[in-house]
Amino acid sequence: MSTNYKSFHEQSVKDPKGFWTEQAKLIDWHKPFEQVLDYSKPPFAKWFMGGQTNLCHNAVDRHLKDRAKQIALVAVSTETEQERAYTFEELHAEVNRMAGILQSNSVKKSDRVLIYMPMIAEACFAMLACARIGAIHSVVFGGFASHSLASRIEDAKPKMIITAEAGMRGGKAVPYKPLLDEAIALASFKPDKVLIVNRGLSEYTTVANRDLDYANERDKHLNTKVAVEWVDATHPSYILYTSGTTGKPKGVQRDTGGYAVALASSMRLIFGGNPGETMFTTSDIGWVVGHSYIIYGPLINGMATIMYEGTPLRPDAGIWWSLVEKYKVSVMFSAPTAVRVLKKQDPAFLSKYNLSTLRTLFLAGEPLDEPTASWIHDALKKPVVDNYWQTETGWPILAIQRGVEVMPHKFGSPGVPVYGYNMKLLDESTGAELGPDQKGVVAIEGPLPPGCMQTVWGDDQRFVKTYWETVPGKMVYSTFDWAIKDKDGYFFILGRTDDVINVAGHRLGTREIEESISSHANVAEVAVVGVEDQLKGQVAIAFVIAKDPAKLANMEAEVMKTVDSQLGAVARPARVYLVSALPKTRSGKIVRRALQAVAEGRDPGDISTMEDQSVLAQIKQVIGK
């Protein structure tokens, strides 16, 4: 294979069969594949047809021969002050116990298991145990409230739900069990069983004949050995829900074989991790980064991985760096927001620890601004590598692929197209391909490479309609992101073409937040926009017209509380402005870009289509801009 980026990328796009046959050697196959790619029904791509494999086998079992005693998983909680390292052998035993619990409660291949858990080791055991028996896991971020959780239960129809009674954040217990009980009550579909890891952080009530205690169940399966269920490469490994522009969340469905191969190759070619080393990804398993680069990617690559429960500032701003020193971390992956939080702390914390093992810091999840990138690069004196991707793709779309060729970085750019992705920058209204320095929508020509979403769970039509039919005259995958490309082929992401905002690396649909606010009894009309924020990248701001202006006394706090209880704190608007009118076009469409501009203190630009231009002046007054 070529080690020059250009020819390497070219080969991956022009000869995908030859290219991916080579990459497929990085994982174990129970049964070799007969066909690398079946693209007979575009846009549905089926990779490694006829092959059989298993994610859990590739992440755990295959390493027992050479590295049984090597650390595989480190679970650290600065919230509960607990820390435990598991070798591959110990991880294998725990995963078998969890798989035994699943099987004894009639969970089998293709059944869904919903995982609603904090960042604890048992969450990792649960994911791997599902993969081991061919069950399909759906992890829901622990910060989501009951309403969001109920819609996911409704859609995935899980046979079992695995949870903990509580998580912890900033020294306070965050109860999970009451939220889950409420979500099950709201959903018309009911799981057969709920397995609860009791951490002793909060009191909870159990439901007879449904709720099981993990510690009791584990005791029954201490010596259980569960055989690996070999599944077809195209068998769904998991469903992960992503916020969309419409209310109903989309279940991104991922395969098994393509995903394992994509992750194994990315660990070498993008992240540069080696077997026996440690990777520390400071995300959460509720997000795609947690699936790919806390759980599956590092373990498939024979690396130790760190699961961290806590903030970057507890007990102090040196906590992450102390873990880098202690566990000899070579690859670290975080988000720009976390770096901006650290930037405000005493710089001495960065020089206090021995960071000699750390080779590279990767950042993703939101645009990386130049001041943040320069500060952390100067502080660590290590390469800082941005990368750009989506829940839908499962692994990077744009990055500097240092395992192929170490290319120069350009601040503000996540890099160049990753191998396997045939990237185009297209004019949104004509579909024409654009040259350097022209703004267009980032699109990918099919087939999507291995590891990307197969479809929307239970809704092939929505998959085609949402992602493949938005650019006129072409069937291409739209990322819904604006970008420009420079003459050297580097992409610069400019923001979303739809109503999704990026708060500290978490994608939130403004429509979802609007729907939640609208449920407040005194809300007549609402518009939510994302505005620039120095710390979080973007925050949600809500503009609300009240039904009864006499009842405004605690309105802002009440609206925030409504969003908190329905969607969780992650979606809570930073401000709720009470206004008497919203800027609209003559046809009645809310001009959100004008609201956004006013909230950011910018000129709203051309407002000739607006019915009443004085509305903006009123809003400026309300927000004091």
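According to the numbering used here, the sequence shown is numbered sequentially starting from 1441.
Each residue gets a CB set at the ideal place from its N, CA and C atoms; glycine is no exception.
In three-state DSSP terms, what is residue i?
i     : result
I1679 : strand
A1923 : strand
Y1699 : helix
Q1492 : strand
V2060 : A quick correction: the sequence has Lys, not Val, at residue 2060. In this structure, K2060 counts as helix in the three-state DSSP scheme.
I1454 : The question names Ile, but residue 1454 is Lys in the sequence shown. Helix, per DSSP.
L1652 : strand
N1942 : strand
G1935 : strand
P1689 : coil
V1547 : coil
H1817 : helix
A1575 : coil
M2067 : Residue 2067 is absent from the model: the chain starts at 1441 and stops at 2065.
E1832 : coil
D2052 : coil
Y1644 : coil
Using the rule of at least 16 other Cβ atoms within 10 Å of the residue's Cβ for burial, across every protein chain shown, is residue i buried or exposed?
i     : result
E1749 : buried
R1524 : exposed
E1909 : exposed
T1603 : buried
V2062 : exposed
G1726 : buried
T1800 : buried
Q2006 : buried
S1546 : exposed
K1486 : buried
T1906 : buried
A1499 : buried
A1667 : exposed
P1807 : buried
K1925 : buried
T1645 : exposed
D1455 : exposed
S1517 : buried
What number of angstroms, rounded off, separates the C-alpha of residue i from the C-alpha of residue j?
i     : j     : result
A1613 : G1640 : 10 Å
D1786 : D1756 : 10 Å
C1570 : A1990 : 54 Å
T1682 : N1942 : 12 Å
K1446 : D2004 : 47 Å
G1730 : S1723 : 6 Å
K1766 : V1514 : 11 Å
I1555 : G2045 : 46 Å
M1567 : V1701 : 18 Å
K1879 : G1611 : 45 Å
L2054 : D1551 : It should be noted that the sequence gives Ser, not Leu, for residue 2054. If I take the Cα positions, the gap works out to 56 Å.
K2060 : I1933 : 29 Å
A2009 : K1617 : 17 Å
T1685 : I1953 : Model confidence at T1685 stands at a pLDDT of 47, short of 50, so the residue's coordinates are unreliable and nothing is read from them.
A2011 : L1948 : 7 Å
L1753 : A1813 : 19 Å
V1781 : L1975 : 7 Å
C1496 : E1562 : 15 Å
H2070 : Y1699 : Residue 2070 lies beyond the stretch modelled for the chain, which goes from 1441 to 2065, so this question has no answer here.
D1599 : K1549 : Correcting the residue type first, residue 1599 is Lys in the shown sequence and not Asp. So the alpha carbons of these two residues sit roughly 11 Å apart.
M1608 : S1586 : 17 Å
P1912 : D1900 : 20 Å
N1528 : N1494 : The question names Asn, yet the displayed sequence has Phe at residue 1528. Going by the C-alpha atoms only, they are around 16 Å apart.
K1471 : D1651 : 38 Å
H1675 : T1696 : 6 Å
G1758 : V1824 : 19 Å
Counting contacts by CB-CB distance shorter than 8 Å, is residue i in contact with chain C?
i     : result
Y2017 : Annotation note: the requested chain C is absent from the structure, which comprises a single protein chain.
State yes or no: is the C-beta of residue i nearer than 7 Å to some heavy atom of the ligand HEM?
i     : result
G1574 : For the ligand HEM, the structure offers nothing, since it holds no ligand at all.
Any contact of the stretch 1957–1969 with the stretch 1689–1699, i.e. 3+ C-beta pairs under 8 Å? Taking 8 Å as the limit for Cβ pairs, the verdict is that the stretch 1689–1699 does not touch the stretch 1957–1969.
Are the stretch 1761–1777 and the stretch 1629–1640 touching by the rule of at least three beta carbon pairs closer than 8 Å? Taking a cut-off of 8 Å on C-beta distances, the stretch 1761–1777 does not touch the stretch 1629–1640, as fewer than three cross pairs fall below it.
Sufficient close CB pairs (3 or more, under 8 Å) joining the stretch 1930–1941 to the stretch 1789–1805: Between the stretch 1930–1941 and the stretch 1789–1805 there are fewer than three C-beta pairs closer than 8 Å, too few to call the two in contact.
Inter-stretch contact at 8 Å, needing at least 3 Cβ pairs: the stretch 1916–1935 / the stretch 1856–1865: Verdict: yes, contact present.
For the stretch 1835–1897, list the beta strand (DSSP E) runs that are entirely contained and at least 3 residues long, ordered along the chain. Those beta strand (DSSP E) runs which fall completely within the stretch 1835–1897 and span 3+ residues are 1862–1866 and 1880–1885.
Is the stretch 1476–1492 touching the stretch 1874–1894, taking contact as three or more C-beta pairs under 8 Å? In short, these stretches touch, since the Cβ pair count reaches three.
With three or more beta-carbon pairs closer than 8 Å as the criterion, would you say the stretch 1636–1651 touches the stretch 1569–1586? With fewer than three CB-CB distances shorter than 8 Å, the stretch 1636–1651 does not count as touching the stretch 1569–1586.
Uninterrupted beta strand (DSSP E) stretches inside the stretch 1705–1775 (no shorter than 3 residues): Correct list: 1718–1721, 1744–1749 and 1769–1774.
Flag this pair as touching only if the stretch 1652–1660 and the stretch 1454–1461 have three or more C-beta atom pairs under 8 Å; answer yes or no. No, the stretch 1652–1660 is not in contact with the stretch 1454–1461.
Restricting to runs no shorter than 3 residues, where is the beta strand (DSSP E) found entirely within the stretch 1505–1540? DSSP runs (the beta strand (DSSP E)) wholly in the stretch 1505–1540: 1511–1517 and 1522–1527.
In chain order, which beta strand (DSSP E) runs of at least 3 residues are fully inside the stretch 1578–1626? Those beta strand (DSSP E) runs which fall completely within the stretch 1578–1626 and span 3+ residues are 1600–1604, 1606–1609 and 1612–1615.
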